[in-house]
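2 protein chains.
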Amino acid sequence: MINLEDCRQLDQQDPLRPLREQFSLPPGLIYLDGNSLGALPQRTAARVAQVVNEEWGQGLIASWNRAGWFELPQRLGDRIAALIGAGPGEVVATDSTSINLYKVLSAALRIATSQQPERLRVLSERSNFPTDLYIAEGLCREHGGTLELLEPEQLAAALEPRAAQDVAVLMLTHVNYRTGAMHDMAALTAAAHRAGVLTVWDLAHSAGAVPVSVKADQADFAVGCGYKYLNGGPGAPAFVWVHPKHVERFRQPLSGWWGHAAPFAFTPDYQPAAAIARYLCGTQPIISLAALGCGLDTFSAAEALGGMTALRRKSLALSDLFISLVHERCAGHGLTLVTPREHLRRGSQVCLARDQGGYAIIQALIARGVVGDFRAGDGAQLADILRFGLAPLYVGFEDVWHAVEHLRQVLASGEWQRPEFNQMKAVS
Amino acid sequence: MINLEDCRQLDQQDPLRPLREQFSLPPGLIYLDGNSLGALPQRTAARVAQVVNEEWGQGLIASWNRAGWFELPQRLGDRIAALIGAGPGEVVATDSTSINLYKVLSAALRIATSQQPERLRVLSERSNFPTDLYIAEGLCREHGGTLELLEPEQLAAALEPRAAQDVAVLMLTHVNYRTGAMHDMAALTAAAHRAGVLTVWDLAHSAGAVPVSVKADQADFAVGCGYKYLNGGPGAPAFVWVHPKHVERFRQPLSGWWGHAAPFAFTPDYQPAAAIARYLCGTQPIISLAALGCGLDTFSAAEALGGMTALRRKSLALSDLFISLVHERCAGHGLTLVTPREHLRRGSQVCLARDQGGYAIIQALIARGVVGDFRAGDGAQLADILRFGLAPLYVGFEDVWHAVEHLRQVLASGEWQRPEFNQMKAVS
Numbered sequence: 000m001i002n003l004e005d006c007r008q009l010d011q012q013d014p015l016r017p018l019r020e021q022f023s024l025p026p027g028l029i030y031l032d033g034n035s036l037g038a039l040p041q042r043t044a045a046r047v048a049q050v051v052n053e054e055w056g057q058g059l060i061a062s063w064n065r066a067g068w069f070e071l072p073q074r075l076g077d078r079i080a081a082l083i084g085a086g087p088g089e090v091v092a093t094d095s096t097s098i099n100l101y102k103v104l105s106a107a108l109r110i111a112t113s114q115q116p117e118r119l120r121v122l123s124e125r126s127n128f129p130t131d132l133y134i135a136e137g138l139c140r141e142h143g144g145t146l147e148l149l150e151p152e153q154l155a156a157a158l159e160p161r162a163a164q165d166v167a168v169l170m171l172t173h174v175n176y177r178t179g180a181m182h183d184m185a186a187l188t189a190a191a192h193r194a195g196v197l198t199v200w201d202l203a204h205s206a207g208a209v210p211v212s213v214k215a216d217q218a219d220f221a222v223g224c225g226y227k228y229l230n231g232g233p234g235a236p237a238f239v240w241v242h243p244k245h246v247e248r249f250r251q252p253l254s255g256w257w258g259h260a261a262p263f264a265f266t267p268d269y270q271p272a273a274a275i276a277r278y279l280c281g282t283q284p285i286i287s288l289a290a291l292g293c294g295l296d297t298f299s300a301a302e303a304l305g306g307m308t309a310l311r312r313k314s315l316a317l318s319d320l321f322i323s324l325v326h327e328r329c330a331g332h333g334l335t336l337v338t339p340r341e342h343l344r345r346g347s348q349v350c351l352a353r354d355q356g357g358y359a360i361i362q363a364l365i366a367r368g369v370v371g372d373f374r375a376g377d378g379a380q381l382a383d384i385l386r387f388g389l390a391p392l393y394v395g396f397e398d399v400w401h402a403v404e405h406l407r408q409v410l411a412s413g414e415w416q417r418p419e420f421n422q423m424k425a426v427s
Numbered sequence: 000m001i002n003l004e005d006c007r008q009l010d011q012q013d014p015l016r017p018l019r020e021q022f023s024l025p026p027g028l029i030y031l032d033g034n035s036l037g038a039l040p041q042r043t044a045a046r047v048a049q050v051v052n053e054e055w056g057q058g059l060i061a062s063w064n065r066a067g068w069f070e071l072p073q074r075l076g077d078r079i080a081a082l083i084g085a086g087p088g089e090v091v092a093t094d095s096t097s098i099n100l101y102k103v104l105s106a107a108l109r110i111a112t113s114q115q116p117e118r119l120r121v122l123s124e125r126s127n128f129p130t131d132l133y134i135a136e137g138l139c140r141e142h143g144g145t146l147e148l149l150e151p152e153q154l155a156a157a158l159e160p161r162a163a164q165d166v167a168v169l170m171l172t173h174v175n176y177r178t179g180a181m182h183d184m185a186a187l188t189a190a191a192h193r194a195g196v197l198t199v200w201d202l203a204h205s206a207g208a209v210p211v212s213v214k215a216d217q218a219d220f221a222v223g224c225g226y227k228y229l230n231g232g233p234g235a236p237a238f239v240w241v242h243p244k245h246v247e248r249f250r251q252p253l254s255g256w257w258g259h260a261a262p263f264a265f266t267p268d269y270q271p272a273a274a275i276a277r278y279l280c281g282t283q284p285i286i287s288l289a290a291l292g293c294g295l296d297t298f299s300a301a302e303a304l305g306g307m308t309a310l311r312r313k314s315l316a317l318s319d320l321f322i323s324l325v326h327e328r329c330a331g332h333g334l335t336l337v338t339p340r341e342h343l344r345r346g347s348q349v350c351l352a353r354d355q356g357g358y359a360i361i362q363a364l365i366a367r368g369v370v371g372d373f374r375a376g377d378g379a380q381l382a383d384i385l386r387f388g389l390a391p392l393y394v395g396f397e398d399v400w401h402a403v404e405h406l407r408q409v410l411a412s413g414e415w416q417r418p419e420f421n422q423m424k425a426v427s
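First to last, the protein sequences are chains A and B. Using numbering that gives the first Met the number 0, read the first sequence as starting at 0 and increasing by one per residue. Using numbering that gives the first Met the number 0, read the second sequence as starting at 0 and increasing by one per residue.
Structure (structure tokens):
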């Protein structure tokens with residue numbers, strides 16, 4: 000049996016422990032929702048104030064050049080590239096994940112059908128994050144394609160070359176938002192390529208959470224989120240990566256001036272920029288981009304301590320601990336672990352299913368200062384889920400102890416059944 | 000002849016004079032580039048710090064509901080609606096102007112061709128802002144349409160019903176970014192409608208600068224910019240309006256979860272939200288949106304002083320003064336006024352053409368603390384342009400005097416010919 004003292008020792012032995020000092024979290028709060036909205040870095044407020052007061056207020060339009068605003072998507076993109084196994088000049092930070100997905104899925108469909116017009120199916124996962132499915136559904140409607148939703152265990156068969164002759168794209172979120180299950184990017188990409196299928200990966204729950212190697216794994220396209228594990232702030236701009244072998248094969252449809260080869264030449268005809276810059280579209284929200292830069296800074300300090308490899312080691316130790324403690328201390332309360340126990344299949348969150356009461360349990364935990372979140376099921380295939388994100392930059396082992404202890408108390412006492420925890424509000 | 004004392008009296012008599020106290024501008028700077036990037040409102044820094052430290056840092060994910068983050072696009076949209084003659088619930092603040100244009104032009108093309116498949120031409124103006132043309136070019140390529148670029152004086156003939164039988168959309172920027180010339184939205188829309196043509200208006204240089212009445216003028220679609228006259232900060236989110244009669248006729252192609260009827264139901268299939276909310280796509284950059292809110296606040300104080308009508312009166316008085324002073328004091332230096340003298344055809348900026356030296360003249364003015372900007376010509380139809388934006392919220396009559404006096408001195412002394420003003424840098 001693990002006890003509190005064990006957890007405290009794990010924190011003391013944790014070489015990444017000092018990294019949490021980079022964040023400003025409410026005292027006493029145990030924040031296990033960095034998979035939804037990353038915590039605030041200490042430096043963000045001062046940097047944002049500098050952008051507002053100095054760069055905007057004093058520098059005014061000169062700051063587009065002098066403060067480097069115009070190149071921010073590329074500069075931040077290069078830093079994100081280092082976290083996902085991409086090269087410099089291959090990533091831009093821009094727009095939202097949904098919009099970036101529209102760009103790359105348009106490109107993937109165009110590239111696939113230009114070679115084999117019969118390839119009109121897009122394969123994805125039924126429990127993929129809905130906005131990914133919505134974007135794909137819209138593009139399929141536009142292009143006369145179909146979106147087919149599979150269970151994870153059906154993917155291998157669907158990618159058999161004979162079964163996949165009319166498949167254009169495999170579009171997956173690398174780490175599932177509901178279960179924390181992680182796909183094998185290398186294996187699925189290889190299977191897809193054997194069948195002539197391109198791959199589009201959503202790294203929303205991966206970038207900054209688990210090591211990713213888009214290039215070594217031969218992925219074709221990737222997008223991801225700036226405001227979850229990257230700590231970029233609410234609604235921070237997202238990112239987009241395209242394998243260099245594809246990047247100049249297609250003019251993505253959102254052909255705005257920031258993706259032009261010479262944006263300030265103001266020519267009336269569109270000439271796409273070289274490389275990933277052509278995946279930019281309009282002017283970007285600089286204040287929010289600057290905050291994303293501070294989120295990425297929180298990974299710089301991790302570099303000297305082993306970078307994503309060390310963060311991954313800690314993340315797995317945290318989720319192993321969470322799973323063990325729930326197993327030891329919360330048995331008999333109807334919780335089912337839905338996150339894979341295998342390290343190779345696990346992201347950086349632990350998800351528990353429960354037939355009912357999930358929403359109220361999360362509310363009761365929040366009232367006790369433990370922030371996880373709830374994702375409702377569909378009453379059929381998808382269960383109600385309690386999610387606990389374990390961001391290794393700022394979550395500690397003692398946090399996990401207390402979180403599970405509060406969970407135990409909430410369940411054992413029946414506290415979650417109180418009326419105030421059962422009034423459903425809009426869920427974020 | 001107007002003199003400095005006259006200008007000072009105009010400032011003293013100006014009922015809108017106190018409004019400039021809302022802004023934080025560098026002391027002594029005469030900022031005539033609010034048509035490119037609006038000035039910093041005094042309140043923005045504190046509000047942004049509140050969003051960062053309290054709403055994000057303390058409130059964390061609860062702020063999506065508790066701080067109203069999720070409804071910001073609608074709340075700000077309602078305030079923008081009041082500035083452009085739209086109704087509540089008809090505008091959202093979101094994404095970039097280019098992306099919003101993609102949404103509405105997709106809708107306009109779809110609506111037009113669904114009724115008359117032969118309508119495949121999009122008419123626009125050769126000197127429209129390039130990103131508008133790039134987006135239209137991309138969409139036309141996708142949909143098999145053609146983009147036709149006209150001179151302003153050709154528009155009337157092109158909209159004759161017999162000439163426009165295969166025209167789907169008239170896409171114009173209401174106030175031209177290079178000339179400051181303003182189209183007659185009501186007349187052109189009426190002409191377009193007589194020919195069965197839908198209208199898409201870019202209000203980037205109109206919203207907050209001139210009175211706009213999209214609904215009274217029967218426009219079909221409009222987009223606009225948050226960071227010019229609306230003072231929302233660098234790259235602030237843009238806005239989109241769709242006439243209620245069209246808004247639910249089409250699922251715009253960027254069908255992300257924020258435009259879903261029930262975004263937090265996480266259903267796998269897309270059901271567009273009612274009304275303008277379906278023109279949302281992905282998660283929005285909240286810090287930048289909050290700054291846009293402060294920009295819009297600067298118009299609230301103007302409400303009690305006559306609102307856009309009073310701002311327009313002052314804007315015209317400022318540009319009349321600018322034009323008169325240039326005429327009186329800068330004659331013989333090769334400047335040509337390209338902004339229309341007629342009030343009904345003028346936006347809120349004054350543009351001067353010059354065969355050569357425009358870039359250097361602007362650089363020399365900036366060195367003297369007068370910020371305008373330069374837009375290069377194409378060496379053929381389009382001349383080199385010196386632009387001076389006259390944002391009536393914070394530009395005064397004495398500012399105009401000094402700006403023109405500096406311009407006179409720069410020209411008369413030949414100062415602009417100094418080498419340091421002639422080294423072309425990237426232009427923003």
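We treat Cβ as the ideally placed atom computed from N, Cα and C, and that holds for glycine.
Cutoff 8 Å: B/E136 Cβ touching any chain A Cβ: yes
CB contact below 8 Å: B/N52 versus chain A: yes
Cβ of B/Y269 within 8 Å of any chain A Cβ: yes
Cut-off 7 Å between Cβ atoms - residues of its own chain near A/R7, not counting five sequence neighbours on either side: E397
For A/H192 and A/M181, believed in contact at Cβ under 8 Å, the rounded distance: In fact, because the Cβ distance is near 20 Å, the residues do not count as touching under 8 Å.
Candidates A/Q380, A/V399, A/Q408 and A/L392, of which the one nearest A/R177 by Cα: A/Q380
Short CB-CB distance (under 8 Å) between A/C280 and chain B: yes
The segment 61-76 of chain B contacting the segment 389-404 of chain B, beta-carbon criterion three pairs below 8 Å: no
Min CB distance A/Q57 to chain D below 8 Å: Looking at the structure shown, chain D is missing, and the protein chains on hand are A and B.
CA-to-CA distance, B/G223 to A/L171, given in whole angstroms: 34 Å
Span separating the alpha-carbon of A/N420 from that of A/Q362: Reading off the sequence shown, one finds Phe at residue 420 of chain A, where the question assumed Asn. About 5 Å.
C-beta atoms of B/D383 and B/R345 nearer than 8 Å: no
Beta-carbon separation (whole angstroms), B/A106 vs B/F249, contact threshold 8 Å: 4 Å
B/G225 and B/G294 closer than 8 Å at C-beta: yes
Under 8 Å between C-beta atoms of A/S119 and A/G144: Residue identity differs from the one stated: residue 119 of chain A is Leu in this sequence, not Ser. For A/L119 and A/G144, yes; Cβs fall inside 8 Å.
Cβ neighbour criterion (16 or more within 10 Å) applied to A/G37: buried
Min CB distance B/T266 to chain A below 8 Å: yes
For B/E147: DSSP bridge partner residues: B/L122
Minimum C-alpha distance to B/A194 - residue among B/M423, B/A215 and B/A111: B/A111
Nearest candidate by alpha-carbon position, reference B/T338, set B/R78, B/V370 and B/G388: B/G388
Alpha-carbon to alpha-carbon, B/R328 and B/L320: 12 Å
Under 8 Å (Cβ pairs) to chain B, residues found in the segment 84-118 of chain A: D94, S95, T96, S97, I98 and Y101
Coil, strand or helix - A/F373 by DSSP: strand
Pairwise C-alpha distance: A/S314 and A/A135: 31 Å
Of the listed residues A/L3, A/P17 and A/E4, nearest to A/A303 (C-alpha basis): A/P17
Helix, strand or coil at B/S254 [DSSP, three-state]: coil
DSSP state of B/T188 mapped onto helix, strand, coil: helix
Among B/H342, B/A290, B/R277 and B/L406, nearest to B/V325 - alpha-carbon criterion: B/L406
Per-residue burial, B/S95 [other beta carbons within 10 Å of its own, 16 or more giving buried]: buried
Where B/M0 sits in the DSSP three-state scheme: coil
Buried versus exposed, by CB contacts within 10 Å (16 or more), A/A208: buried
DSSP beta-bridge partners of B/R46: For B/R46, which the question treats as bridged, DSSP gives no partner whatsoever.
Beta-carbon spacing of B/Q73, B/A330 below 8 Å: no
Identity of the residue in B/V103, B/L364 and B/A290 nearest B/R42 by Cα: B/A290
Start-to-end residues for the beta strand (DSSP E) that takes in B/L169: V166 to T172
Cβ-based burial, A/M307 [other Cβ within 10 Å; buried from 16]: buried
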